[in-house]
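Residue numbers (the numbering used here): 143 to 365. Cβ atoms here follow ideal geometry from the backbone N, Cα and C, with glycine treated the same way. All values reported here derive from a predicted model rather than from experimental measurement. This report refers to the structure that appears directly beneath it.
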Amino acid sequence: MTSIKNWWAGKIDWATPAGELLQKFLASLPKERPFHLTLYGSAPLQLTLDRHLLSGDVDVFSDDDEDLTSFIAAAGLDKSHGGLYLEAGFELSFRTSPRWRQRAKVFQLENITLTIPHPFDILIGKINRLEPKDLTAFKRTFQLTGHPEESELKSELQNAVDLFRPAFEEDAPNGYPENTRRLWRELFGKEINVRSEIIEPAIARRKQGYGETPPDYKSALGN
Numbered sequence: 143m144t145s146i147k148n149w150w151a152g153k154i155d156w157a158t159p160a161g162e163l164l165q166k167f168l169a170s171l172p173k174e175r176p177f178h179l180t181l182y183g184s185a186p187l188q189l190t191l192d193r194h195l196l197s198g199d200v201d202v203f204s205d206d207d208e209d210l211t212s213f214i215a216a217a218g219l220d221k222s223h224g225g226l227y228l229e230a231g232f233e234l235s236f237r238t239s240p241r242w243r244q245r246a247k248v249f250q251l252e253n254i255t256l257t258i259p260h261p262f263d264i265l266i267g268k269i270n271r272l273e274p275k276d277l278t279a280f281k282r283t284f285q286l287t288g289h290p291e292e293s294e295l296k297s298e299l300q301n302a303v304d305l306f307r308p309a310f311e312e313d314a315p316n317g318y319p320e321n322t323r324r325l326w327r328e329l330f331g332k333e334i335n336v337r338s339e340i341i342e343p344a345i346a347r348r349k350q351g352y353g354e355t356p357p358d359y360k361s362a363l364g365n
């Protein structure tokens with residue numbers, strides 16, 4: 143299996159709609175202080191993988207947990223101005239693998255540090271909703287790169303097992319379990335048992351890491 147880090151060059155195509163919008167925003171930011179920004183949503187795929195994967199907005203958050211809303215509005219790039227726009231978020235909005243920072247690409251643009259997550263982590267973040275455009279992103283990425291392979295996606299979801307926990311009462315229902323099943327049918331043409339193939343192996347490995355004896359799931363299933 144090819145290393146996840148090795149199948150993505152991570153070069154920015156600034157001539158894309160997202161790239162042009164992003165350049166306007168970066169140029170508008172004050173020069174006398176540093177900014178640490180991360181893109182998420184669909185824009186990283188358009189910028190670094192397929193310029194034809196379009197989206198209605200470009201999602202961005204500050205690594206310093208700063209609210210970027212006023213900067214976006216001052217640049218005239220928020221939703222109220224129509225067309226492609228910037229959407230201010232927070233790192234909490236980006237639900238994906240805990241490994242995402244170690245394989246992201248980081249660019250230094252004068253006083254701005256721009257982080258673009260790996261396509262794998264962008265795709266994992268899309269499973270919770272898995273709208274038609276999200277399925278398209280999975281399929282197009284697979285067509286262009288041969289990834290995600292079934293085995294590596296399963297492994298990565300095991301390492302991100304907490305995404306499958308029940309949602310808080312105040313939150314929207316957790317779409318990861320059911321949407322993972324749907325994704326497997328759409329992308330790999332087969333069924334997956336989320337509990338036995340993702341959750342239980344991950345919990346067993348976690349218990350082993352704590353020095354506990356992991357449950358014997360095979361025997362339990364047999365009984």
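Its chain contains SER184, LEU187, LEU195, LEU265 and LYS268 as the residues whose beta carbon lies nearer than 7 angstroms to that of ALA279, once the 5 sequence neighbours on both sides are disregarded; these appear in chain order. In the DSSP annotation of this structure, the continuous segment of the beta strand (DSSP E) that includes ILE254 starts and ends at 254 to 258. Rounded to the nearest whole angstrom, the C-alpha separation of ARG323 and HIS178 is 36 angstroms. With 16 or more other CB atoms across the displayed protein chains lying within 10 angstroms of its CB, GLN300 is buried.
Closest by C-alpha distance to TRP326, out of LEU277, ASP304 and ALA309, is LEU277.
Contact between the segment 157 to 164 and the segment 224 to 235 is present: three or more C-beta pairs spanning the two stretches fall below 8 angstroms. GLU292: member of the alpha helix (DSSP H) spanning 292 to 301, first to last residue. Counting the other CB atoms within 10 Å of its CB gives GLY288 a total below 16, which places it among the exposed residues.
Take PRO159, set aside five residues on each side of it, and the residues of its chain with a beta-carbon closer than 8 angstroms to its own are GLN188, LEU196 and LEU226, in chain order.
With 16 or more neighbouring CB atoms inside 10 Å of its own CB, TRP242 falls in the buried class.
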